[in-house]
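In what follows, a structure is listed as structure tokens, so that the remarks can point back to it.
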Amino acid sequence: MRAQLSAEMLILIVVILAIVALVASQLTKTTEKTGKSIETQSDIIVNRSEAAVKGKPGEFCNDDIQCLSGYCDKDNFKCQ
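No gaps in the numbering here: position 79 of the sequence shown is 318 in this note's numbering, and each next residue is one more.
Shown next as structure tokens:
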């Protein structure tokens with residue numbers, strides 16, 4: 240006996256492959272959106288963390304990077 244594929248089987252295979260392709264496409268789009276959202280939220284958290292850790296005017300510092308303003312008066316060791 241020779242193996243034969245009926246027209247119905249071919250149609251069914253094509254439909255299943257199309258569904259798989261659609262699902263894969265949707266998953267890719269969802270993954271991209273989720274990645275962008277996570278990146279945005281991470282940036283917000285990093286910015287808030289930096290602001291919470293950096294010194295306000297009048298607080299002790301010994302380097303510019305330690306101050307919110309970006310300037311440390313190294314003579315008085317205070318953020319400007």
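For each residue, glycine too, the CB sits at the ideal point set by N, CA and C.
Review point. Alpha carbon to alpha carbon, what distance is there between Val262 and Ser245?
Key: Cα to Cα, Ser245 sits roughly 26 angstroms from Val262.
Check your understanding: What is the residue span of the alpha helix (DSSP H) that Leu266 lies within?
Key -> Where Leu266 is concerned, the enclosing alpha helix (DSSP H) stretches over Ala246 to Val292.
Review point. Using DSSP with H/G/I as helix, E/B as strand and the rest coil, what is Asp314?
Key: Shown here, Asp314 sits in coil according to DSSP, grouped into three states, outside any helix or strand.
Exercise for review: Check whether the Cβ atoms of Lys295 and Cys318 sit closer than 8 angstroms, and answer yes or no.
Suggested key: Closer than 8 angstroms, so yes.
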